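Undergrad:
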Ligand code: SF4
């Protein structure tokens, strides 16, 4: 399992738990506003896996959970055995995914490897490729979300409200999704690193906190469990 970064202790990445966050390199999407561009452009450095293993072994009982994020973790062939290894140490596991690999998520569900899933739904289906690159498809993401709902998994779906998403886009997304236990609208922040071709797109003025709250109120008419 390749790991390209680690936050040893976080209070914000796993709801209600103290967690260690592991960043996995590589992604099949290319969202123009990606905040982990070094993980997707190959400029990352791999962390020594023995260091990560030894850290997790020593912190049993001191840290509650491990968050696997990226990049896109489901692209790693070793993901499932790795989750099993961490689970066997006694940690709760949260998997962050762009939702593009329903088959991998289905296997993780079948083997009960994760305790919490966070899936991004990034745009209305008709704008997925424009915003997340040519490999992106909302259909796969919706499949993943439906699998998780049908399995009663602990799930949140997240959307970063980039300035390019208007009120109508968010309402379309809310209607495309099944009713969710938690739908999180996240504020957009300009990434430090981006492609030159996206200079104008990333510089658009973000919504303010109060605008996001208004949008969340509107979206909650369709998705009652929306939070900003
Ligand atoms: S899916 Fe996530 S990691 Fe991949 S490009 Fe988009 S924002 Fe970046």
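Numbering (this note's numbering), first residue to last: 900 to 1127. Note that the Cβ used here is the ideal one computed from N, Cα and C, for glycine as well. The structure presented is a predicted model; accordingly, all values stated were derived computationally and were not measured.
(1) Ordered along the chain, which non-local residues of its own chain (more than five positions away) have a Cβ less than 6 angstroms from that of residue 1037?
(2) Going straight from the alpha carbon of residue 1120 to that of residue 1067, what length do you get?
(3) Considering only heavy atoms of ligand 1, does any lie closer than 7 angstroms to the CB of residue 971?
(4) For ligand 1, any of its heavy atoms closer than 7 angstroms to the Cβ of residue 926?
(5) Less than 8 angstroms between the CB atoms is what I'm expecting for residue 919 and residue 965, so what's the real figure, rounded?
(6) For the beta strand (DSSP E) containing residue 996, list its first residue and its last residue.
(7) Would residue 993 and residue 945 be called neighbours here (beta carbons separated by less than 8 angstroms)?
(8) Under 6 angstroms Cβ to Cβ from residue 1071, same chain only, skipping five residues before and after it: list those, please.
(9) Measuring CA to CA, which of 969, 1097, 1004 and 1086 is closest to residue 1110?
(10) Pick helix, strand or coil for residue 1093, following the three-state DSSP scheme.
(11) Would you check if the distance between the CB atom of residue 1018 and the CB atom of residue 1003 is smaller than 8 angstroms?
(12) Tell me whether the beta-carbon of residue 921 lies closer than 8 angstroms to the beta-carbon of residue 967.
(13) If you compare alpha carbons, which of 995, 1008 and 1051 is closest to residue 923?
TA: The relevant details are as follows:
(1) 1024 and 1027
(2) 13 angstroms
(3) yes
(4) Taking the Cβ of residue 926 as the reference point, at least one heavy atom of ligand 1 falls within a distance shorter than 7 angstroms.
(5) 5 angstroms
(6) 991-996
(7) no
(8) 1023
(9) 1086
(10) coil
(11) no
(12) The Cβ atoms of residue 921 and residue 967 lie closer than 8 angstroms to each other.
(13) When each option's Cα is compared against that of residue 923, the closest is 995.
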